[in-house]
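In our numbering, the protein residues as written are 15 to 140.
Below you can see the structure in the form of structure tokens.
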């Protein structure tokens, strides 16, 4: 069975408000990977702040980790005591060379489209 498509979250949006078990997609640069603990950390820069996303890699191992490369992850949000939210990866793909500003723009456009569509559907039913 394939995982659901997942909602795009920017790395700086992943926090305790993301619902437990929600399918999500995010991206970042792989800064560290611990095979023994099945844990990877993706980082992303936004404005002047550096954001970290912890990823549980248990379901995607073994994979050839390329530290410093961009990765996209599809998985479920899980809240762990003392760690904050963790993405349990179902798919972890190296996307080195991806145009990150263009991806951010595309996600914003998609959100705008879905919001407008929802408004139109809400107006047509009332």
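Every residue gets a Cβ at the ideal spot worked out from N, C-alpha and C, and that includes glycine.
Beta-carbon spacing of residue i, residue j below 8 Å
i           : j           : result
residue 117 : residue 20  : no
residue 67  : residue 103 : no
Member of the options whose CA lies at the smallest distance from the CA of residue i
i           : options             : result
residue 115 : 61, 93 and 97       : 61
residue 72  : 84, 121, 33 and 101 : 101
residue 31  : 83, 99, 120 and 94  : 99
residue 105 : 97, 93 and 76       : 76
residue 111 : 41, 35 and 36       : 41
residue 91  : 34, 26 and 129      : 34
residue 54  : 28, 134 and 43      : 43
residue 97  : 23, 28 and 22       : 28
Contact belief for residue i with residue j at Cβ below 8 Å, rounded distance in angstroms
i           : j          : result
residue 108 : residue 83 : 5 Å
residue 57  : residue 47 : The pair is not a contact, with the Cβ atoms about 12 Å apart (cut-off 8 Å).
residue 39  : residue 86 : 7 Å
Residue i at chain C interface by Cβ criterion, 8 Å
i          : result
residue 50 : Annotation note: the requested chain C is absent from the structure, which comprises a single protein chain.
Restricting to runs no shorter than 4 residues, where is the alpha helix (DSSP H) found entirely within the segment 77–110?
Whole alpha helix (DSSP H) segments, 4+ residues: zero.
Output the residue ranges of the beta strand (DSSP E) runs that lie fully inside the segment 22–57 and measure 3 residues or longer, sorted by chain position.
Here the runs fully enclosed are 37–48.
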